[in-house]
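Colleague: Numbering (my numbering), first residue to last: 1 to 114.
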C-alpha cells in the first residue's frame with residue numbers, strides 16, 4: 001500500500017488551473033506536508049509546504065499563483081495551481097514529514113502547454 005497517493009495532474013494550457021490532491025494512509029495531523037516538483041534534467045525542488053499549524057511557505061516562483069491547504073480529518077493535502085505557466089511543467093510529488101526522513105508519493109505529471 002502506498003503511503004501517499006497524488007492525483008489531479010494533467011495537461012493544461014498556459015493560464016489554466018489544476019488542483020492536486022495527496023491522500024495519506026496515516027494520520028497527518030502532526031506533520032509538515034509539502035509539494036515538490038522535478039522537471040526533466042533538473043533536481044527536485046520545493047513548491048510549497050504547510051506546517052501542522054497551517055503556516056504555509058512558498059517558492060517565490062509560485063507565490064501568488066499556488067495555494068497549499070490541508071484537511072487533517074481527510075488526511076489530505078491540496079495544491080491549487082492557478083495562472084499556470086509552461087515552466088511549471090514537472091512531476092509533482094507530495095511529502096509527509098520533511099525531506100530527510102519523510103514519506104514521498106509516486107508523483108503526478110503536470111504539463112502546461114498550448
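Just so it is clear, CB atoms sit at the ideal spot from N, CA and C, and this is done for glycine as well.
Rounded to a whole number of angstroms, what is the C-alpha to C-alpha distance between residue 60 and residue 82?
Modeller: Cα to Cα, the separation comes out at about 15 Å.
Colleague: Are the beta-carbon atoms of residue 96 and residue 33 separated by less than 8 Å?
Modeller: yes
Colleague: Ignoring anything shorter than 3 residues, give me the beta strand (DSSP E) runs that lie fully in the region 72 to 100, in order along the chain.
Modeller: Counting whole runs of 3 or more residues, the region 72 to 100 contains the beta strand (DSSP E) stretches 76 to 81 and 90 to 96.
Colleague: Counting Cβ pairs closer than 8 Å, one from the region 8 to 20 and one from the region 60 to 80, do we hit at least three?
Modeller: Yes, the region 8 to 20 touches the region 60 to 80.
Colleague: For residue 30, which residues of its own chain have a beta-carbon under 6 Å away from its beta-carbon, when the five flanking residues on both sides are left out?
Modeller: 52
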